[in-house]
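Protein chains in written order, with the working numbering: chain L, 1 to 226; chain C, 227 to 638.
Positions of the beta carbon are idealized from the N, C-alpha and C atoms, including for glycine.
The structure presented is a predicted model; accordingly, all values stated were derived computationally and were not measured.
Worksheet: one structure, shown below.
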């Protein structure tokens with residue numbers, strides 16, 4: 001075997017070995033991400049249970065624990081960001097990601113219900129937005145709407161935005177969609193109980209909020225997916 | 227299929243070629259070449275300096291040749307004024323009285339005619355050429371001569387660096403030239419060179435005469451000569467410690483002009499008169515690996531660049547669309563967080579990083595092999611961030627020129 005042939009074969013081996021190592025490293029990192037997501041799942045389970053407990057406690061003394069009802073929001077913001085990134089990296093159909101999205105959506109619905117209950121019992125007027133989006137490629141304006149809501153949430157920290165993947169196969173979410181009578185013209189919003197569809201501009205979106213609501217909101221909000 | 231999938235075969239090819247260079251670098255022939263030391267033999271040598279409007283540099287170039295560590299009676303310097311229209315003739319007259327310097331003046335006819343005129347004026351056993359904007363280290367010639375020990379060696383190339391790099395573009399070229407030192411040294415050890423660069427390449431006079439001297443070679447007479455030598459079955463060696471410094475373009479535009487000429491010359495020569503070398507088993511590593519890889523590299527670089535430009539443009543349009551109507555204070559502010567979770571480690575990115583790291587390693591190796599003084603730090607940085615953006619520009623321009631049959635001027 002000539003020197004060049006031998007070196008070509010060695011170089012091929014090195015290339016294959018390097019590509020294999022890189023593939024392993026990427027897989028390792030993705031597995032670490034999934035492990036992190038599992039931890040997040042556990043955290044969400046605990047938080048959900050905590051929220052249930054808060055519901056029970058608040059039934060006896062509803063207005064004494066208004067502040068504690070929002071302790072979840074900081075964690076939710078971080079979890080939402082990670083979930084969004086994991087969805088980009090691992091794929092929308094990754095079973096782990098889908099399961100986490102379902103749990104995340106459940107938590108959002110519970111938080112939304114708690115917020116409404118507290119508002120009714122204690123006379124507060126939190127501004128809530130239910131935002132329905134789709135990642136299935138059938139919603140041209142969802143990215144714009146999601147970005148505008150992110151801006152509003154950052155600018156008005158008291159705003160509570162709950163984002164839901166319209167196509168997620170989750171019973172509670174389907175019930176919410178049925179209750180709020182949202183159809184599949186996405187993006188769709190329920191702002192303080194009022195339905196609207198489509199996104200044209202930030203200005204138009206802002207006009208759908210109750211007058212002065214954006215300036216006077218006082219409760220912090222969870223993160224949104226889109 | 228995503229653009230990343232499209233790029234993977236070319237990334238594999240790049241890593242394979244770099245691995246091949248590294249393995250060959252450690253092989254016996256390359257090690258033997260590095261161990262080659264100066265010899266006492268001092269055959270007669272002539273250095274031809276073709277000049278066309280080189281008034282600002284010719285004196286320093288000639289002075290560096292006169293400072294070569296070589297017996298005065300064995301070294302002849304031939305300055306050929308190829309019809310300069312500036313003060314080059316006046317600058318040459320400063321050396322008129324020097325017995326080692328011969329000055330030839332002729333009508334402008336192109337670099338190859340100047341080289342041939344210089345060769346015709348000397349009877350030296352070995353002839354070298356030195357571009358009039360280049361400067362040699364005193365021991366360079368002593369490093370080159372031993373490489374001619376075997377009679378089949380027809381030419382020897384030197385180790386080029388950029389002369390006093392000042393800005394990022396020049397530092398980037400310096401890193402690229404240093405990469406070239408490793409590449410030339412390695413490929414020469416298995417006779418895979420296809421260019422004998424203008425700065426201080428030497429030729430066995432008898433073989434140059436046998437082959438009929440230099441030709442126009444599509445404005446790359448050094449490449450044409452090297453390809454002709456290879457086709458005739460001769461070998462091209464390299465002296466990795468024969469250091470020569472050359473002036474380099476100081477703007478991206480000038481660099482693109484210069485490299486367009488080089489690349490179009492390569493394409494015209496290799497795909498034209500020397501097409502038979504491609505895939506030719508008898509031409510060994512040059513025909514089976516170096517030339518095919520070089521041609522594929524040109525095509526793949528253009529494809530990668532255009533694909534990435536398209537993806538970048540699409541992302542940019544999407545980002546602008548999403549941000550339309552949002553206050554700039556929010557839209558332009560970063561909204562990320564530093565966490566390992568968000569590390570963008572895709573197969574494509576990690577493989578690209580591997581290829582880049584190997585390139586940087588080969589640059590550092592080139593500096594060590596040639597014992598080139600000075601820091602390469604800025605060169606590595608500018609090479610990392612600039613080179614990949616500029617290369618496709620001259621590759622596309624050259625490919626378009628060749629396709630459309632367009633010829634450009636020589637100067638950058």
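Review point. Chain C partners of residue 11 of chain L, CB-CB under 7 Å?
Key: 242, 245, 246, 249
Exercise for review: Check whether the Cβ of residue 191 of chain L lies closer than 7 Å to any Cβ atom in chain C.
Suggested key: no
Check your understanding: CB residue 330 of chain C to CB residue 306 of chain C, shorter than 7 Å?
Key -> yes
Practice item. Let me know if residue 122 of chain L comes out buried or exposed under the rule of 16 or more other beta-carbons within 10 Å of its beta-carbon. Key: exposed
Review point. Nearest CA to the CA of residue 609 of chain C: which residue from C/394, C/633, C/536?
Key: C/394
Exercise for review: Could you have a look at residue 194 of chain L and say whether DSSP puts it in helix, strand or coil?
Suggested key: strand
Practice item. Select from L/161, L/147, L/109, L/124 the residue whose C-alpha is nearest the C-alpha of residue 179 of chain L. Key: L/109
Exercise for review: Report the option in L/193, L/81, L/103 whose CA atom is closest to the CA atom of residue 232 of chain L.
Suggested key: Look at the range of chain L in this structure, 1 to 226, and you will see that residue 232 of chain L is not part of it.
Practice item. Starting from the Cα of residue 264 of chain C, find the closest Cα among C/368, C/304, C/338 and give me that residue. Key: C/368
Practice item. State the Cα-Cα distance for the pair residue 607 of chain C and residue 20 of chain L, rounded to the nearest angstrom. Key: 28 Å
Point to revise | Inter-residue Cα distance where the pair is residue 545 of chain C and residue 561 of chain C | key: 13 Å
Review point. Where do the ends of the alpha helix (DSSP H) carrying residue 182 of chain L lie?
Key: It is not in any alpha helix (DSSP H) - residue 182 of chain L carries neither H nor E in the DSSP assignment.
Review point. Would DSSP call residue 464 of chain C helix, strand or coil?
Key: strand
Check your understanding: For residue 571 of chain C and chain L, any beta-carbon pair shorter than 7 Å?
Key -> yes
**Study point:** Contact belief for residue 496 of chain C with residue 504 of chain C at Cβ below 8 Å, rounded distance in angstroms
**Key:** 7 Å
**Study point:** residue 625 of chain C, buried or exposed, once every other Cβ within 10 Å from all chains shown has been counted against 16
**Key:** buried
**Study point:** C-beta contact flag for residue 385 of chain C and residue 286 of chain C at 7 Å
**Key:** no
**Study point:** Exposure of residue 181 of chain L, with buried meaning 16 or more beta-carbon neighbours within 10 Å
**Key:** exposed
Check your understanding: Could you check where the alpha helix (DSSP H) with residue 315 of chain C kicks off and where it finishes?
Key -> 314 to 319
Review point. Among residues of its own chain, excluding the 5 on either side of residue 482 of chain C, which ones have a beta-carbon nearer than 8 Å to its beta-carbon?
Key: 616, 619, 620, 623
Point to revise | Closest residue to residue 164 of chain L among L/84, L/39, L/78 (Cα-Cα distance) | key: L/84
Practice item. Kindly list the residues whose CB is nearer than 6 Å to the CB of residue 344 of chain C, restricted to its own chain and excluding five residues on each side of it in sequence; keep chain order. Key: 274, 304, 306
Check your understanding: If the cut is a Cβ gap below 7 Å, which residues of chain C does residue 154 of chain L touch?
Key -> 556
Practice item. Apply the 10 Å Cβ neighbour rule to residue 197 of chain L and answer buried if 16 or more other Cβ atoms are within range, or exposed otherwise. Key: exposed
Check your understanding: Does the separation of the CB atoms of residue 442 of chain C and residue 338 of chain C fall below 7 Å?
Key -> yes
Exercise for review: Output the boundary residues of the alpha helix (DSSP H) element that contains residue 109 of chain L.
Suggested key: 95 to 122
Review point. For residue 568 of chain C, which option in L/116, L/90, L/1 has the closest C-alpha, if you only look at C-alpha atoms?
Key: L/90
Exercise for review: Name the residue from L/159, L/132, L/88, L/14 whose alpha carbon lies nearest to the alpha carbon of residue 174 of chain L.
Suggested key: L/132
Point to revise | Contact set for residue 572 of chain C: own chain, Cβ-Cβ below 8 Å, skip 5 residues either direction | key: 230
Review point. Which residues of chain C have a Cβ atom closer than 9 Å to the Cβ of residue 201 of chain L, listed in chain order?
Key: 550, 551
Review point. Does any C-beta atom of chain L lie closer than 7 Å to the C-beta of residue 420 of chain C?
Key: no
Exercise for review: Check residue 555 of chain C in the structure and name its three-state DSSP category.
Suggested key: helix
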